[in-house]
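Novice: For the sequence shown, full-length UniProt numbering assigns the number 25 to the initial residue and increments by one for each residue that follows.
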Amino acid sequence: KEKSEKNRGAFILLEGCDRSGKTTQAQLLLQSLKDKGQNVEFARFPERSSEIGKVIDQYLKSTTNEKNLKSMHLLFTANRWELMEDIVKKIKKGTTYVIDRYAYSGIVYSMANGLDKEWCIRMESNLPKPDIVLFLDLSVEDAAKRGEYGKERYEKKAFQQKVRDNYHQLIEDNWKVIDATQTKEEIAKQLLDLSLKTIEESKNKPIQTI
Ligand code: FDM
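1. Applying the 10 Å Cβ sphere with the 16-neighbour rule, what's the burial state of Pro230?
2. With burial defined as no fewer than 16 other Cβ atoms inside 10 Å of the residue's Cβ, what is the status of Asp59: buried or exposed?
3. Within its chain, find whatever has a CB closer than 6 Å to the CB of Glu65; leave out the 5 residues flanking it on each side and keep chain order.
4. Would you call the CB atoms of Arg43 and Tyr178 closer than 8 Å?
5. Rounded to the nearest angstrom, what separates Leu220 and Ser86 at their Cα positions?
6. Tell me the rounded alpha-carbon separation between Tyr128 and Arg32.
7. Enumerate, from N- to C-terminal direction, the unbroken beta strand (DSSP E) stretches of 3 or more residues contained entirely within the region 108 to 182.
8. Asp197 lies in the alpha helix (DSSP H); which residues open and close that run?
9. Shorter than 7 Å, the distance from the beta carbon of Ser226 to the closest heavy atom of the ligand FDM, or not?
10. State the DSSP-derived secondary structure class of Pro230, mapped to helix, strand or coil.
11. Is Asp42 near the ligand FDM, going by C-beta to nearest heavy atom under 7 Å?
12. Going by alpha carbons, who is nearest to Ser149 out of Ile131, Ile156, Leu160 and Leu162?
13. Count the other CB atoms, across all protein chains shown, that sit within 10 Å of the CB of Gly61; report buried if there are 16 or more and exposed otherwise.
14. Need the endpoints of the beta strand (DSSP E) that Ala67 sits in, please.
15. For Glu142 and Ile234, I'd like the C-alpha separation in whole angstroms.
16. On the CB-based measure, 16 or more other CB atoms within 10 Å of its CB, does Glu196 come out buried or exposed?
17. If you draw a straight line from the C-alpha of Met135 to the C-alpha of Lys114, how long is it?
18. When you compare the CB positions of residue 20 and Leu37, do they come within less than 8 Å of one another, or not?
19. Using DSSP bridges, identify the partner residues of Glu39.
20. Taking the alpha carbon of Ala168 as the reference point, which residue from Phe159, Val157, Asp155 and Ala182 has its own alpha carbon closest?
21. Could you have a look at Glu210 and say whether DSSP puts it in helix, strand or coil?
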């Protein structure tokens with residue numbers, strides 16, 4: 025077991041509010057890491073294609089009041105477990121993963137729905153922990169300037185404000201707060217530098233858990 029964890033890949037996570045540029049940056053990062061010769065793959069949560077993912081997709085697209093917020097939270101968590109087993113196997117064999125949203129999205133969005141912070145955190149416990157969290161931070165005013173929010177459940181200004189405040193409560197040592205008002209190129213460079221450093225530093229360390 026020890027041997028297979030030598031020279032493992034890194035688990036690089038991007039988090040941020042809607043319209044923070046996360047998805048664009050994840051794609052840029054993936055390409056630049058490939059250009060540097062890194063063995064890298066991409067995943068995102070929620071992964072809407074699985075059976076659980078389809079339920080999540082319907083939930084996000086509907087705007088009717090949801091009473092079973094805790095069970096919804098657990099579906100998002102289950103969606104992580106169903107993919108992470110394979111992802112961790114690949115990381116241990118040397119593949120780096122760039123992941124768009126994860127447990128922290130789960131926590132901050134459910135908290136914004138009124139669920140208890142400690143409960144939300146507990147439900148994510150034992151999932152693999154990212155080696156670095158690249159948090160693209162931007163005020164809700166600046167995010168709204170980027171054009172209309174989409175039509176999904178959570179894409180509203182007041183809700184996004186709560187989400188941003190909640191993210192700020194979760195920042196830990198392995199988080200980097202990136203000023204998302206910078207140019208696309210400036211952000212991309214920072215993310216690439218931090219990722220390459222993380223890949224180097226994680227190589228011979230065990231994967232932690234949340
Ligand atoms: N979301 C995402 C949650 O509420 N819980 C979760 O665990 C995760 C991973 O789903 F509004 C929310 C966050 C966002 C939506 O949108 C997913 P994108 O555009 O596919 O990231």
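Even for Gly, the Cβ is constructed at its ideal location relative to N, Cα and C.
Specialist: Taking the structure as given:
1. Reading the sequence shown from its first residue, position 206 is the one you call residue 230. Exposed, since its Cβ has fewer than 16 Cβ neighbours within 10 Å.
2. Residue mapping note: residue 59 aligns to position 35 of the sequence shown, counting from 1. Asp59 should be labelled exposed.
3. Walking along the sequence shown from the start, residue 65 turns up at place 41. Excluding residues within five positions, the ones whose Cβ falls inside 6 Å are Thr119 and Tyr121.
4. Working through the sequence shown from its first residue, we reach residue 43 at position 19. Working through the sequence shown from its first residue, we reach residue 178 at position 154. Contact flag unset, no.
5. Residue numbering aside, residue 220 sits at position 196 when the sequence shown is read from its first letter. Residue numbering aside, residue 86 sits at position 62 when the sequence shown is read from its first letter. Whole-angstrom Cα-Cα distance: 39 Å.
6. The residue given as residue 128 occupies position 104 in the sequence shown. The residue given as residue 32 occupies position 8 in the sequence shown. Tyr128 and Arg32: Cα-Cα distance of roughly 23 Å.
7. 120 to 124 and 156 to 161
8. In the sequence shown, residue 197 corresponds to position 173, counting from 1. Note, Asp197: premise wrong, no alpha helix (DSSP H); not H, not E.
9. Numbered from 1 along the sequence shown, position 202 holds the residue referred to as residue 226. Outside the cutoff, so no.
10. The residue labelled residue 230 in the question sits at position 206 within the sequence shown. Pro230 falls in the coil class under three-state DSSP.
11. The residue you call residue 42 lines up with position 18 of the sequence shown. Yes, the beta carbon of Asp42 sits closer than 7 Å to at least one heavy atom of the ligand FDM.
12. As a working note, residue 149 is residue 125 in the sequence shown. That would be Ile131, whose Cα lies nearest to the Cα of Ser149.
13. In the sequence shown, residue 61 corresponds to position 37, counting from 1. Exposed, by the Cβ-count rule.
14. Within the sequence shown, the letter at position 43 stands for residue 67. From DSSP, the beta strand (DSSP E) with Ala67 extends over Val64 to Arg68.
15. Locating residue 142 in the sequence shown gives position 118, counting from the first residue. Locating residue 234 in the sequence shown gives position 210, counting from the first residue. Rounded to the nearest angstrom, the two C-alpha atoms are 13 Å apart.
16. For the purposes of this step, residue 196 is identified with residue 172 of the sequence shown, where counting begins at 1. Label assigned to Glu196: exposed.
17. What you label residue 135 is simply residue 111 of the sequence shown in a count that begins at 1. What you label residue 114 is simply residue 90 of the sequence shown in a count that begins at 1. Distance between the alpha carbons of Met135 and Lys114 is about 32 Å.
18. The shown model of the chain, from 25 to 234, leaves out residue 20, and the question about it has no answer.
19. Within the sequence shown, numbered from 1, the residue matching residue 39 stands at position 15. BP columns for Glu39 point to Phe159.
20. As a working mapping, residue 168 is identified with position 144 in the sequence shown. The shortest Cα separation from Ala168 among Phe159, Val157, Asp155 and Ala182 belongs to Ala182.
21. Locating residue 210 in the sequence shown gives position 186, counting from the first residue. Of the three classes helix, strand and coil, the one that applies to Glu210 here is helix, per DSSP.
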